[in-house]
Amino acid sequence: MEPQQGQGAKTAKRKPVFIKVDQLKPGTSGHTLIVKVVSSNIVRQKDRPAAAAAGQLRPARISECLIGDETASIVFTARNEQVDLLKPGATVILRNAKIDMFKGCMRLAVDKWGRTEVTKPAGFEVNKDNNLSLVEYELVNVDGE
12 MEPQQGQGAK TAKRKPVFIK VDQLKPGTSG HTLIVKVVSS NIVRQKDRPA
62 AAAAGQLRPA RISECLIGDE TASIVFTARN EQVDLLKPGA TVILRNAKID
112 MFKGCMRLAV DKWGRTEVTK PAGFEVNKDN NLSLVEYELV NVDGE
């Protein structure tokens with residue numbers, strides 16, 4: 012008798028497939044990348060005094076970071092704890108990252124289903140000349156004829 016799937020059978024973890032920044036496309040997700048942080052700019056740091064006093068919500072912090080590898084660079088939107096990890100010069104692994112569109116341009120983000128972790132310094136220089144966030148995309152509706 013063969014073991015049944017799901018009950019006692021262990022599912023093997025898949026090895027992550029690392030991709031390069033220049034392979035990112037609009038509307039995609041589930042990316043695993045190793046990138047270097049070039050710069051980081053806090054764009055929003057809000058304290059909500061009423062909520063903070065009640066002990067509920069923490070202040071929202073958002074930072075736009077230019078990250079990349081030897082193939083290209085892109086803007087990464089860091090939120091809350093991620094802001095502390097993505098410091099200029101740091102090398103980070105982004106797991107289950109997704110592409111968000113902002114004003115027609117690509118931004119990389121890691122939501123609650125992904126992970127951001129600092130790793131040992133990488134030996135590549137970031138290609139700042141190929142910034143994917145500077146490419147503007149136009150939404151085109153395709154009619155089924």
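The opening residue of the sequence shown carries number 12 in the numbering used here; numbering runs sequentially from there.
The beta-carbon is built from N, C-alpha and C at its ideal position, and this holds for glycine as well.
query                                                                                                                 : result
Ordered list of alpha helix (DSSP H) runs contained in the region 73–148, each at least 4 residues                    : 92–96
Helix, strand or coil at V151 according to DSSP, with G and I counted as helix                                        : coil
Pairwise C-alpha distance: V86 and L143                                                                               : 8 angstroms
C-alpha gap between A133 and D140, whole angstroms                                                                    : 19 angstroms
Own chain partners of I157 with C-beta closer than 8 angstroms, once the 5 adjacent residues on each side are dropped : Lying before the first or after the last residue shown, residue 157 is absent from the chain, which here runs from 12 to 156.
Coil, strand or helix - G17 by DSSP                                                                                   : Bear in mind that a pLDDT of 49 at G17, under 50, signals an unreliable position, so the number given afterwards is only what the model happens to contain. The answer is coil: DSSP assigns G17 none of H, G, I, E or B.
Sub-8 angstroms separation of T6 and I110 beta-carbons                                                                : Lying before the first or after the last residue shown, residue 6 is absent from the chain, which here runs from 12 to 156.
Sub-8 angstroms separation of C76 and L97 beta-carbons                                                                : yes
Proximity below 8 angstroms, CB of V146 to CB of P99                                                                  : no
Selected residue, minimal CA-CA separation from V112, among V129, E128, R126 and T88                                  : Per the sequence presented here, residue 112 reads as Met, with Val not at that position. Looking at the Cα atoms, T88 is the closest of the given residues.
Cα-Cα separation, A101 to T127                                                                                        : 12 angstroms
DSSP-derived helix/strand/coil call for V32                                                                           : helix
Cβ distance (whole Å) where K31 is taken to contact T82 below 8 angstroms                                             : 4 angstroms
G38 - DSSP class collapsed to helix/strand/coil                                                                       : coil
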